[in-house]
């Protein structure tokens, strides 16, 4: 049996007339003998017309007459085998939730608009379609729906997760690989519709940046239909890619929501978001004394008021288990439901992520992550004080708190102990009554129902601060 490498070398593109084939990405198979006998396309099934650059048909594939002998089901099955779609072959516009899966009103509106634009593009691909937004916003789903619609219309498609595609490029340098690098690279550059998923997720090496640029630059020059999804903001991509992707003459950009520069930090865990809402907060737990109930009710009222209109800082002070994190997450839930971005971080985890950005394996630089945290429209720092007290950790927290204090950016802090040391710059800012509202929660531990405790530290520190 002829190897795929031999097949592609036999199908290698060359200068030909309009009646001969140029498309090599639909490989010859023994199960499809009808096309192998075709004198027009030599079994390839597709032609590209030999026309000038100014001709509207330049770069576009057209089906050979032999394809008429295939049923619609056979053609679609053949296209899907070579599309690299995998399980995404089942995605369609018809089965897509019109509002997406986000709870935020703004995100739902963005998804509806993007869905309509993607449908229109899928019917008549012209230029490039760029889908940006946070992970989980629906970018890949819409890109897959476009790809599947084009295959239903009989057009070859190649779908690639960018890091995987680069791995395939590297593997093709192996002499024993079934596809040579040149063969594979040409197929990706010239496929009638290319979908590149998660651009920016690859390791930012010079080689990787160069390969991606070569592919996109070729398709840009030929104006070949291309769909790109990206979670990274464009200004964090290779400047050469930015110039191609931001060219409004060719590219239509659909933003599905704030793109994140981080992975595994900044979001609220789904289980926390589901269980920690204002409705599930109990300000009158069983066995609590009146003063504890008053403290919990006051904290709930303060958090709900802040959630309606975040302004300045809210500091929730109390021992473990009194509901500080619950209220902070409830605020985040309400803001996210309104379509506002929130950055939520357990302080020790945040510092670990900042340290990791110095690793060569990190996809995010220290500056990228630190800038994202510093400038977040709403930042929630959970359990401040639980981190290790190293000079480096103190310096990072100092820089973060000073920046947000000076800019009066909305910030929620939960802590078990409010620092009051004289001369401590962090303590000075956390105790600033012009900016910070301190809400002491002197109550029993929610996680240990029925177990009372002398909760005097929060109220004592609140009194000490007021004094």
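Residue numbers (my numbering): 413 to 879. Cβ atoms here follow ideal geometry from the backbone N, Cα and C, with glycine treated the same way.
Of all alpha-carbon atoms in 827, 615, 540, the one lying nearest the alpha-carbon of residue 728 is that of 827. Closest in alpha carbon position to residue 565, among 537, 592, 549, is 537. Minimum Cα-Cα distance from residue 508 among the listed residues 821, 831, 575, 528 corresponds to 528. Out of 852, 642, 650, 853, the CA that lies nearest to the CA of residue 546 is found in 642. Beta bridge pairing from DSSP links residue 693 with no other residue. Membership of residue 518 in any beta strand (DSSP E) is not indicated; the residue belongs instead to the alpha helix (DSSP H) covering 517-535. In this chain, residue 704 is not harboured by any beta strand (DSSP E); it is covered by the alpha helix (DSSP H) spanning 702-720.
By the neighbour-count definition (other C-beta atoms within 10 Å, threshold 16), residue 585 is an exposed residue. In this structure, residue 559 lies near residue 607, with their beta-carbon atoms less than 8 Å apart. Burial is judged here by how many other beta carbons sit within 10 angstroms of a residue's own beta carbon; residue 757 has at least 16 and is buried. Selection 745, 513, 681, 733 evaluated against residue 722 yields 745 as nearest (Cα-Cα). Under the DSSP assignment, residue 828 falls outside any alpha helix (DSSP H); it carries neither an H nor an E label. DSSP places residue 552 in the uninterrupted alpha helix (DSSP H) bounded by 551-564. In the DSSP annotation of this structure, the continuous segment of the beta strand (DSSP E) that includes residue 792 starts and ends at 791-796. Taking the CA atoms as reference points, residue 682 sits about 15 Å from residue 747. Around the beta carbon of residue 843, 16 or more other beta carbons lie within 10 angstroms, which makes this residue buried. Going by DSSP, residue 747 is part of the alpha helix (DSSP H) stretching over 736-749.
Of the candidates 798, 686, 740, 555, 798 places its Cα closest to the Cα of residue 760. Contact annotation: residue 669 and residue 473 have beta-carbon atoms that are not nearer than 8 Å. Secondary structure at residue 631: helix, using DSSP grouped into helix, strand and coil. Bounds of any beta strand (DSSP E) do not take in residue 505, whose DSSP letter is neither H nor E. In this structure, residue 664 places its C-beta atom within 8 Å of the C-beta atom of residue 539. DSSP, read as helix, strand or coil, puts residue 542 in strand. Looking only at 561, 763, 465, the smallest Cα-Cα distance to residue 497 is reached by 561. Non-local beta-carbon contacts of residue 630 in its own chain, meaning distances under 6 Å to residues more than five positions away in sequence, involve 601 in chain order. Under a 10 Å Cβ-count criterion, residue 659 is classified as exposed, with fewer than 16 other Cβ atoms of the shown protein chains found around its own Cβ.
Here the alpha carbon of residue 563 sits roughly 28 Å from the alpha carbon of residue 582. The C-beta separation of residue 572 from residue 505 comes to about 21 Å, leaving the pair out of contact by the 8 Å criterion. DSSP lists no bridge partner for residue 463.
The residues 733, in chain order, have a CB closer than 6 Å to that of residue 857 in the same chain once the five nearest residues on each side in sequence are set aside.
DSSP places residue 643 outside any alpha helix (DSSP H), giving it a letter other than H or E.
When DSSP states are grouped into helix, strand and coil, residue 498 belongs to the helix group. For a cut-off of 8 Å, the C-beta gap from residue 853 to residue 743 is around 14 Å, too long to register as a contact. From the listed residues 752, 609, 694, the smallest Cα separation to residue 720 is found for 752.
Using a Cβ distance threshold of 8 Å, residue 831 and residue 839 count as a contacting pair.
An exposed status is given to residue 619, since fewer than 16 other beta-carbon atoms sit within 10 Å of its beta-carbon.
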